[in-house]
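*Asks:* In our numbering, the protein residues as written are 14 to 164. Glycine is no exception: its CB is placed at the ideal position from the N, C-alpha and C atoms.
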Amino acid sequence: MRPCSRLLAAPATQPFRPGRRAQAVNLLPPIPLYRRLLRIHRKKLSPEERVFGDIYLKAEFRRHRDIENPLHIVGFLTEWQNYGQQLEGDGWKEGKIDMDLVDKMSDQQIGQMYELMEAIRKRGRDSVDEEEEGRILDAIEEATTGNKKPS
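1. Mapping DSSP to helix, strand and coil, what is Gly88?
2. For Leu90 and Pro83, what's the separation of their Cα atoms in angstroms?
3. Along the alpha helix (DSSP H) that carries Glu73, what are the first and last residues, could you check?
4. Between the segment 119–138 and the segment 68–78, do three or more beta carbon pairs fall short of 8 Å?
5. What residue range is occupied by the uninterrupted alpha helix (DSSP H) comprising Leu41?
6. Does the segment 56–73 touch the segment 108–124, meaning 3 or more C-beta pairs lie closer than 8 Å?
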(Lines of atoms letter the chains of each structure in order from A and count residues from 1; the text may use other names and numbers.)
(Lines give C-alpha, C1' and ligand atoms only; values in the text may rest on other atoms or scores of the structure.)
Protein backbone atom coordinates (compact mmCIF):
# COMPACT_ATOMS: atom_id res chain seq x y z
CA MET A 1 0.00 0.00 0.00
CA ARG A 2 1.77 3.11 -1.18
CA PRO A 3 -0.08 6.14 0.16
CA CYS A 4 0.63 9.33 -1.70
CA SER A 5 0.76 12.64 0.16
CA ARG A 6 -2.24 13.94 -1.81
CA LEU A 7 -4.33 10.96 -0.72
CA LEU A 8 -3.33 11.24 2.93
CA ALA A 9 -4.05 14.96 3.03
CA ALA A 10 -7.57 14.61 1.61
CA PRO A 11 -10.30 13.73 4.11
CA ALA A 12 -12.46 10.73 3.33
CA THR A 13 -16.20 11.21 3.33
CA GLN A 14 -18.97 8.90 4.35
CA PRO A 15 -21.42 7.63 1.71
CA PHE A 16 -23.85 10.22 0.41
CA ARG A 17 -27.26 10.14 2.02
CA PRO A 18 -29.88 12.49 0.60
CA GLY A 19 -30.91 15.16 3.07
CA ARG A 20 -27.76 14.77 5.16
CA ARG A 21 -24.48 16.56 4.93
CA ALA A 22 -21.51 14.24 4.77
CA GLN A 23 -19.01 14.71 7.58
CA ALA A 24 -15.33 14.54 6.72
CA VAL A 25 -13.37 11.81 8.46
CA ASN A 26 -9.67 12.41 8.97
CA LEU A 27 -7.87 9.22 8.07
CA LEU A 28 -4.73 8.20 9.86
CA PRO A 29 -1.81 7.16 7.66
CA PRO A 30 -1.28 3.37 7.50
CA ILE A 31 1.61 2.98 9.95
CA PRO A 32 0.17 5.16 12.76
CA LEU A 33 -3.21 3.46 12.28
CA TYR A 34 -1.56 0.03 12.47
CA ARG A 35 0.26 0.96 15.70
CA ARG A 36 -2.89 2.47 17.19
CA LEU A 37 -4.86 -0.71 16.48
CA LEU A 38 -2.18 -2.85 18.15
CA ARG A 39 -2.33 -0.56 21.22
CA ILE A 40 -6.13 -0.85 21.31
CA HIS A 41 -5.85 -4.64 21.13
CA ARG A 42 -3.39 -4.56 24.05
CA LYS A 43 -5.74 -2.43 26.17
CA LYS A 44 -9.21 -3.73 25.27
CA LEU A 45 -8.95 -7.41 24.36
CA SER A 46 -8.33 -10.49 26.46
CA PRO A 47 -4.97 -12.20 25.84
CA GLU A 48 -6.58 -14.88 23.68
CA GLU A 49 -8.54 -12.34 21.61
CA ARG A 50 -5.46 -10.14 21.35
CA VAL A 51 -3.34 -12.91 19.81
CA PHE A 52 -6.05 -13.66 17.25
CA GLY A 53 -6.62 -9.94 16.53
CA ASP A 54 -2.93 -9.11 16.19
CA ILE A 55 -2.28 -11.98 13.79
CA TYR A 56 -5.27 -11.02 11.65
CA LEU A 57 -4.36 -7.32 11.69
CA LYS A 58 -0.77 -7.99 10.63
CA ALA A 59 -1.85 -10.35 7.85
CA GLU A 60 -4.39 -7.86 6.46
CA PHE A 61 -1.93 -4.96 6.45
CA ARG A 62 0.68 -7.18 4.73
CA ARG A 63 -1.88 -8.32 2.16
CA HIS A 64 -2.79 -4.73 1.31
CA ARG A 65 0.76 -3.34 1.34
CA ASP A 66 1.05 -3.06 -2.46
CA ILE A 67 -2.42 -1.69 -3.23
CA GLU A 68 -2.21 1.35 -5.49
CA ASN A 69 -5.88 2.12 -6.21
CA PRO A 70 -6.73 5.21 -4.09
CA LEU A 71 -10.33 4.06 -3.59
CA HIS A 72 -9.17 0.74 -2.16
CA ILE A 73 -6.65 2.47 0.09
CA VAL A 74 -9.24 4.90 1.45
CA GLY A 75 -11.78 2.11 1.95
CA PHE A 76 -9.23 -0.09 3.70
CA LEU A 77 -8.03 2.67 6.03
CA THR A 78 -11.58 3.86 6.73
CA GLU A 79 -12.82 0.42 7.74
CA TRP A 80 -9.83 -0.24 9.99
CA GLN A 81 -10.21 3.18 11.59
CA ASN A 82 -13.91 2.45 12.21
CA TYR A 83 -12.90 -0.89 13.74
CA GLY A 84 -10.53 0.89 16.12
CA GLN A 85 -13.22 3.36 17.13
CA GLN A 86 -15.65 0.51 17.80
CA LEU A 87 -13.13 -1.25 20.03
CA GLU A 88 -12.39 1.92 21.97
CA GLY A 89 -16.07 2.14 22.89
CA ASP A 90 -17.72 -0.85 24.51
CA GLY A 91 -20.79 -0.91 22.25
CA TRP A 92 -19.23 -3.59 20.03
CA LYS A 93 -19.81 -6.25 22.68
CA GLU A 94 -23.59 -6.05 22.24
CA GLY A 95 -23.50 -5.01 18.59
CA LYS A 96 -25.02 -6.89 15.70
CA ILE A 97 -23.68 -7.37 12.22
CA ASP A 98 -25.12 -4.91 9.73
CA MET A 99 -27.10 -6.81 7.09
CA ASP A 100 -26.01 -4.32 4.40
CA LEU A 101 -22.43 -5.29 5.17
CA VAL A 102 -23.29 -8.99 4.94
CA ASP A 103 -24.97 -8.40 1.57
CA LYS A 104 -21.72 -6.88 0.27
CA MET A 105 -19.62 -9.85 1.43
CA SER A 106 -18.31 -12.36 -1.05
CA ASP A 107 -19.08 -16.06 -0.70
CA GLN A 108 -15.55 -16.58 0.59
CA GLN A 109 -16.02 -13.96 3.33
CA ILE A 110 -19.33 -15.50 4.40
CA GLY A 111 -17.59 -18.88 4.48
CA GLN A 112 -14.91 -17.40 6.74
CA MET A 113 -17.60 -16.04 9.06
CA TYR A 114 -19.17 -19.49 9.19
CA GLU A 115 -15.80 -21.08 9.99
CA LEU A 116 -15.30 -18.54 12.76
CA MET A 117 -18.73 -19.36 14.15
CA GLU A 118 -17.90 -23.08 14.15
CA ALA A 119 -14.51 -22.46 15.79
CA ILE A 120 -16.18 -20.49 18.58
CA ARG A 121 -18.72 -23.25 19.05
CA LYS A 122 -16.05 -25.97 19.27
CA ARG A 123 -13.74 -24.05 21.54
CA GLY A 124 -16.16 -23.77 24.46
CA ARG A 125 -14.50 -20.75 26.01
CA ASP A 126 -14.45 -20.56 29.78
CA SER A 127 -14.26 -16.77 29.79
CA VAL A 128 -17.66 -16.34 28.14
CA ASP A 129 -20.77 -17.72 29.79
CA GLU A 130 -23.00 -19.98 27.72
CA GLU A 131 -25.79 -17.43 27.34
CA GLU A 132 -23.46 -14.76 25.93
CA GLU A 133 -21.75 -17.27 23.66
CA GLY A 134 -25.17 -18.38 22.38
CA ARG A 135 -26.08 -14.77 21.53
CA ILE A 136 -22.79 -14.31 19.67
CA LEU A 137 -23.23 -17.53 17.70
CA ASP A 138 -26.87 -16.71 16.90
CA ALA A 139 -25.87 -13.26 15.60
CA ILE A 140 -23.17 -14.76 13.36
CA GLU A 141 -25.51 -17.48 12.11
CA GLU A 142 -28.27 -14.93 11.47
CA ALA A 143 -25.85 -12.75 9.54
CA THR A 144 -24.51 -15.58 7.40
CA THR A 145 -27.84 -17.20 6.60
CA GLY A 146 -30.11 -14.15 6.72
CA ASN A 147 -32.64 -16.08 8.82
CA LYS A 148 -33.61 -15.08 12.32
CA LYS A 149 -33.57 -17.96 14.80
CA PRO A 150 -36.67 -18.37 16.95
CA SER A 151 -36.05 -17.49 20.61
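*Replies:* For this structure:
1. DSSP, read as helix, strand or coil, puts Gly88 in helix.
2. Spanning the two alpha carbons is a distance of roughly 11 Å.
3. Element bounds for Glu73: 60–76.
4. When Cβ pairs closer than 8 Å are counted between the two stretches, the segment 119–138 is seen not to touch the segment 68–78, the count staying below three.
5. No alpha helix (DSSP H) holds Leu41; DSSP gives it neither H nor E.
6. In short, these stretches do not touch, since the Cβ pair count stays below three.
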